[in-house]
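The next block holds one structure in the form of structure tokens; read it before the comments.
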Amino acid sequence: MYPFLLALHNWSRWLVLILALVALYKSFTGWQSNRVYTKGDSAVYASFTGFMLLQLIIGGLLYFVYSPVGLQAFQRLGGAVMKDPVGRFWGVEHITIMVLAVGAAQAGRSLSKKQPTDLLKHKKAFTWFAIAVVLVLLMIPWGLGAWNPGRPLWRGL
């Protein structure tokens, strides 16, 4: 189950990033052109948020149930894991920041629906989605240094 969930988590991140770009584009252009907030906008925003939540669920299963790395980091929480940059990334930083990113995406979706004007709906969505995307991009394991260990960009190939 672990290899399947790991591959699914890896591949679905690309769908999240594509949906993030579409949501950012739609919200930004809607905001800048004062475009009407449509059901299509709502569907894109809901899809982005939904796939962020799906990623969180898969990541949670990996972290708390199936991954030897996640379980190991969870068991070592404390001084030892905080001194190891890779252990700290997986044991604390990745999961914490990704939970915050999902929260930001959900806030963007919820707050945008409650705004009184279409302009404010798009602006709220853009602001919160941009925060979520920045957080996600920071915590994807690109291999940017000791604090961000590398992982395959396309698992299973």
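For the sequence shown, the residue numbers in our numbering are 622 to 778. Every residue, glycine too, gets a C-beta built ideally from N, C-alpha and C.
Asked, Found
"Of the residues Phe-625, Val-665, Ala-641, Val-707, the one placed nearest Ile-752, counting alpha carbons only", "Ala-641"
"Pairwise C-alpha distance: Arg-730 and Tyr-666", "6 Å"
"Sequence-distant residues of its chain with Cβ nearer than 7 Å to Arg-634 (five each side left out)", "Gln-676, Ile-761"
"Short Cβ contact (7 Å threshold) for Phe-747 with Phe-649", "yes"
"Alpha carbon of Leu-674 to alpha carbon of Ile-639, nearest angstrom", "15 Å"
"Candidates Lys-744, Ala-726, His-715, Ala-644, of which the one nearest Gln-653 by Cα", "Lys-744"
"Proximal residues to Val-802 (C-beta, below 7 Å), its chain only, five neighbours per side dropped", "With the chain covering 622 to 778 only, the question about residue 802 has no answer from this structure."
"Every unbroken alpha helix (DSSP H) within the stretch 739-764, with a cutoff of 4 residues, ordered by chain", "739-760"
"For Ala-664 and Leu-756, the rounded distance between their alpha carbons", "22 Å"
"Distance, Asp-705 Cα to Val-643 Cα", "37 Å"
"Sequence-distant residues of its chain with Cβ nearer than 8 Å to Asp-739 (five each side left out)", "Gly-651, Asn-655, Arg-656, Val-657, Tyr-658"
"Cα-Cα separation between Val-686 and Leu-626, rounded to whole angstroms", "11 Å"
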